[in-house]
Amino acid sequence: MEICKGVHQLKINFHVTPDIERYVYVYILTGQYCYLIDTGVHDSEKMIEDYICELGYKIEDIRGIFLTHAHPDHMGGAFALQKKSGCPIYASIREKDWIENIHQQFIERPIPNFDKLLQNSVIVDKIIDKDIEIELEDCLSMKILSTPGHSSGSLSYLVNQKILFSGDAILVKGDIPIYTNVKESIDSLNKVLSLQLVEYYCPAWDCVYDASTGRRKIREAIAVIDSIQECVEMVMKDFPDACDDFF
Numbered sequence: 001m002e003i004c005k006g007v008h009q010l011k012i013n014f015h016v017t018p019d020i021e022r023y024v025y026v027y028i029l030t031g032q033y034c035y036l037i038d039t040g041v042h043d044s045e046k047m048i049e050d051y052i053c054e055l056g057y058k059i060e061d062i063r064g065i066f067l068t069h070a071h072p073d074h075m076g077g078a079f080a081l082q083k084k085s086g087c088p089i090y091a092s093i094r095e096k097d098w099i100e101n102i103h104q105q106f107i108e109r110p111i112p113n114f115d116k117l118l119q120n121s122v123i124v125d126k127i128i129d130k131d132i133e134i135e136l137e138d139c140l141s142m143k144i145l146s147t148p149g150h151s152s153g154s155l156s157y158l159v160n161q162k163i164l165f166s167g168d169a170i171l172v173k174g175d176i177p178i179y180t181n182v183k184e185s186i187d188s189l190n191k192v193l194s195l196q197l198v199e200y201y202c203p204a205w206d207c208v209y210d211a212s213t214g215r216r217k218i219r220e221a222i223a224v225i226d227s228i229q230e231c232v233e234m235v236m237k238d239f240p241d242a243c244d245d246f247f
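Each step along the sequence shown adds one to the number in the working numbering, with nothing skipped, and position 241 is 241.
Dropping the structure here:
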């Protein structure tokens, strides 16, 4: 589905368990060449390649894979797509070890169906260790932003100052909240909220938001995290001995 000129959204369905189905969105930027924001789970590469071909491009036209983070539903297709296209992979220095050694990732974060969702490690060609801005091609710029919280090295990608690809940084109210660090999550949400020119927010696990909806969703996400933290602090205060077993 084309979100706006040169920005396409592709829905990838997958199973966490035989009974639990989830999905993730992969985004494709098109200009003279193609650029991918995430790659879905293992075996998503065929769907992505077919979509790119429908747009009139070849797999060799992919000039960059930009991973928002290392989780299996975001990097599962990276190995096959990079092998066929020869393109570089961009990712955070904080998740380089997980991306380049998926066995380590599984040991540290075991999830159901891991070995089916993610089967191959990949080398990170472009290591991101700070916020930077790059020119992909004429009239197509990208600012790479560190937005940790959902994972330790989550990145968001701001294209032409107006389209933000936020990965899983903006948790969805009513869904299961997943974040590794409270302060980093809130700081990252405030960081993307401060971006004044964004017209489209493109998350990986919800529909695309317009400017006003996106800002409302970010505020809701902050409120959810704050509410959870208040409950945690209340429990820790009321039951300090019990909490010693968990913290």
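Each residue gets a CB set at the ideal place from its N, CA and C atoms; glycine is no exception.
- The continuous alpha helix (DSSP H) containing His103 extends over residues 102–108.
- Under the DSSP assignment, Met75 falls in the alpha helix (DSSP H) whose first and last residues are 72–75.
- Counted as a single uninterrupted DSSP element, the beta strand (DSSP E) harbouring Ser166 occupies residues 163–167.
- The beta carbon of Tyr51 is closer than 8 Å to those of His8, Leu10, Ile28 in its chain, skipping five residues each way along the sequence.
- Bridge pairing for Gln9: Tyr27 [DSSP].
- Of His71, Glu135, Ser44, Glu100, the smallest CA-CA separation from Gln32 is found for Glu135.
- Sixteen is the threshold: when 16 or more other Cβ atoms of the shown chains lie within 10 Å of the Cβ of Phe66, as they do, the residue is buried.
- Judged by their CB atoms, Thr68 and Ser156 are nearer to each other than the 8 Å cut-off.
- For Glu2, the CB contacts under 6 Å within the same chain, skipping 5 residues up- and downstream, are His8 in chain order.
- Ile163 has its alpha-carbon roughly 10 Å from the corresponding atom of Leu195.
- Judged by DSSP in its simplified three-state form, Thr180 adopts coil rather than helix or strand.
- Between Leu118 and Pro72, the C-beta gap is smaller than 8 Å, which places the two residues in contact.
- Under the three-state reduction of DSSP output, Ile225 falls in the helix class.
- If you draw a straight line from the Cα of Ile59 to the Cα of Thr39, it is about 13 Å long.
- Under the DSSP definition of a beta bridge, Leu155 partners with Ser146.
- Counting along the chain, the unbroken alpha helix (DSSP H) around Phe114 starts and ends at 114–117.
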